[in-house]
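Student:
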Amino acid sequence: MNETHVRNVIEAALLAAGTPLPLSELARLFDAGGGPDLQALRAALASLAAEYAGRGIELKETASGFRIQVRRELSGEISRLWPERAARYSRALLETLALIAYRQPVTRAEIEAVRGVTVNPNIIRTVIERNWVRVVGHRDLPGHPELLGTTREFLDYFGLRSLDELPPLAELRAMADVNLQLGLGAEDPPGGAAAASDVHTGLSVADAADADEGAEDDGLTADPGPGAGRELVAGPRDLEG
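Quick note on numbering: my numbering labels position 19 of the sequence shown as 349, and the sequence is numbered without any gaps.
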């Protein structure tokens with residue numbers, strides 16, 4: 331099969347899907363008998379990524395697969411297409427989410443012990459409703475408190491393939507604008523292979539700095555508009571007109 335055709339089909343599929351597509355889904359786009367194998371698909375994806383180098387879009391692999399998205403450094407200009415005010419997350423929500431990501435599975439009581447304050451139930455509800463966090467079990471203690479862990483959607487939202495790409499805590503502490511009080515040792519994070527500046531997060535350091543630092547509210551101080559507070563990902567709307 332023609333390599334250019336394979337690359338074009340993959341590119342069109344990623345633009346149309348609007349969500350990450352795994353290799354298995356990309357393979358289904360071709361005839362079972364004469365379609366490219368996984369190695370050929372990866373070669374086509376690598377070719378696309380190289381083709382996008384220096385352009386306004388990029389090919390990104392996340393936990394759920396591959397997607398085409400606007401480069402992060404251009405998100406400020408592109409976000410003007412959506413005049414709605416971007417979501418602002420409170421420092422309490424960001425700290426809670428970070429604790430869950432780095433110490434999972436973790437209970438609400440354990441989060442409160444580290445942060446030194448009571449966690450508003452609305453914060454837990456918010457991160458669960460956004461499919462960033464889910465209940466992964468129960469601690470064998472009186473009351474059987476829920477154990478919280480991050481989801482695949484959390485990884486996709488923040489542009490990560492796995493928890494190993496979370497920035498090391500030492501780098502988080504170096505971000506004066508964030509200054510998360512995690513109370514963790516250097517040996518605690520599950521990974522830390524990627525530098526903080528290399529992680530394509532849906533919430534930037536500026537978002538955290540501008541976030542509400544007040545009372546323990548639900549963590550969301552403004553309704554998010556379309557594409558707000560996340561990577562700008564190509565989707566079906568891009569094919570209209």
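Every residue gets a Cβ at the ideal spot worked out from N, C-alpha and C, and that includes glycine. Being a predicted model, the structure only gives us computed values, none of them experimental.
If we ignore side chains and look at the alpha-carbon of each, how far apart do Gly446 and Glu440 end up?
Tutor: Reading the sequence shown from its first residue, position 116 is the one you call residue 446. Reading the sequence shown from its first residue, position 110 is the one you call residue 440. The straight-line gap from Cα to Cα measures roughly 10 angstroms.
Student: Taking the alpha helix (DSSP H) that Arg397 belongs to, which residues open and close that run?
Tutor: Sequence index remark: in the sequence shown, residue 397 carries index 67 (1-based). No alpha helix (DSSP H) contains Arg397, which is instead part of the beta strand (DSSP E) from Gly395 to Val400.
Student: Taking only the alpha-carbon atoms, compute the straight-line gap between Ala516 and Gly364 and give it to the nearest angstrom.
Tutor: For the purposes of this step, residue 516 is identified with residue 186 of the sequence shown, where counting begins at 1. For the purposes of this step, residue 364 is identified with residue 34 of the sequence shown, where counting begins at 1. The predicted position of Ala516 is uncertain, since its pLDDT is 39 and thus under 50; a value taken from the coordinates is nonetheless stated next. Going from the Cα of Ala516 to the Cα of Gly364 covers about 50 angstroms.
Student: Let me make sure I understand the geometry here. Which of Ala347, Leu429 and Glu381 has the alpha-carbon closest to that of Thr334?
Tutor: As a position in the sequence shown, residue 334 is number 4, starting the count at 1. Per the Cα distances, Glu381.
Student: Please report the distance separating the alpha-carbon of Ala376 from that of Ala362.
Tutor: Walking along the sequence shown from the start, residue 376 turns up at place 46. Walking along the sequence shown from the start, residue 362 turns up at place 32. Ala376 and Ala362: Cα-Cα distance of roughly 22 angstroms.
Student: For Phe396 and Leu351, which I take to be in contact (beta-carbon distance under 8 angstroms), what is that distance rounded to the nearest angstrom?
Tutor: As a working mapping, residue 396 is identified with position 66 in the sequence shown. As a working mapping, residue 351 is identified with position 21 in the sequence shown. Their Cβ separation, rounded to whole angstroms, is 6 angstroms, which keeps Phe396 and Leu351 in contact under 8 angstroms.
Student: Rounded to whole angstroms, what is the Cα-Cα separation between Gly467 and His474?
Tutor: Walking along the sequence shown from the start, residue 467 turns up at place 137. Walking along the sequence shown from the start, residue 474 turns up at place 144. The alpha-carbon atoms of Gly467 and His474 are separated by roughly 9 angstroms.
Student: Taking DSSP's pairing of strands, which residues face His335 in a bridge?
Tutor: The residue given as residue 335 occupies position 5 in the sequence shown. Bridge partners of His335: none, in fact.
Student: Return the residue from the list Pro498, Leu478, Leu423 and Arg433 that minimises the CA-CA distance to Asn452.
Tutor: Mapped onto the sequence shown, residue 452 falls at position 122. With distances taken between Cα atoms, Asn452 lies closest to Leu423.
Student: Using only the alpha-carbon positions, how far apart do Pro413 and Gly406 sit?
Tutor: Mapped onto the sequence shown, residue 413 falls at position 83. Mapped onto the sequence shown, residue 406 falls at position 76. Each residue's Cα considered, the two are about 12 angstroms apart.
Student: Do you know how far the Cα of Glu425 is from the Cα of Ala443?
Tutor: Mapped onto the sequence shown, residue 443 falls at position 113. Mapped onto the sequence shown, residue 425 falls at position 95. Ala443 and Glu425: Cα-Cα distance of roughly 13 angstroms.
Student: Go through the stretch 390 to 458 residue by residue and report every complete run of the alpha helix (DSSP H) that reaches 4 residues or more, in order.
Tutor: Listed in chain order, the complete alpha helix (DSSP H) runs (minimum 4 residues) inside the stretch 390 to 458 are 405 to 408, 421 to 433 and 438 to 445.
Student: What's the call for Ala346, buried or exposed, on a 16-neighbour Cβ count within 10 Å?
Tutor: Counting from 1 along the sequence shown, the entry for residue 346 is found at position 16. Per the 10 Å Cβ criterion, exposed.
Student: Can you tell me whether DSSP reads Arg464 as helix, strand or coil?
Tutor: Within the sequence shown, residue 464 is the residue found at index 134, counting from 1. It is a strand residue.
Student: Tell me, which residues are paired with Thr480 by DSSP?
Tutor: Along the sequence shown, one-based indexing puts residue 480 at 150. Paired residue(s): Val463.
Student: Going by beta-carbon coordinates alone, are Val336 and Ala374 separated by less than 8 angstroms?
Tutor: The residue labelled residue 336 in the question sits at position 6 within the sequence shown. The residue labelled residue 374 in the question sits at position 44 within the sequence shown. Result yes, Cβ atoms of Val336 and Ala374 sit closer than 8 angstroms.
Student: Just tell me which of Thr437, Arg402 and Glu403 has its CA closest to the CA of Pro472.
Tutor: To locate residue 472, count along the sequence shown from 1; it is residue 142. The option with the nearest alpha carbon to Pro472 is Thr437.
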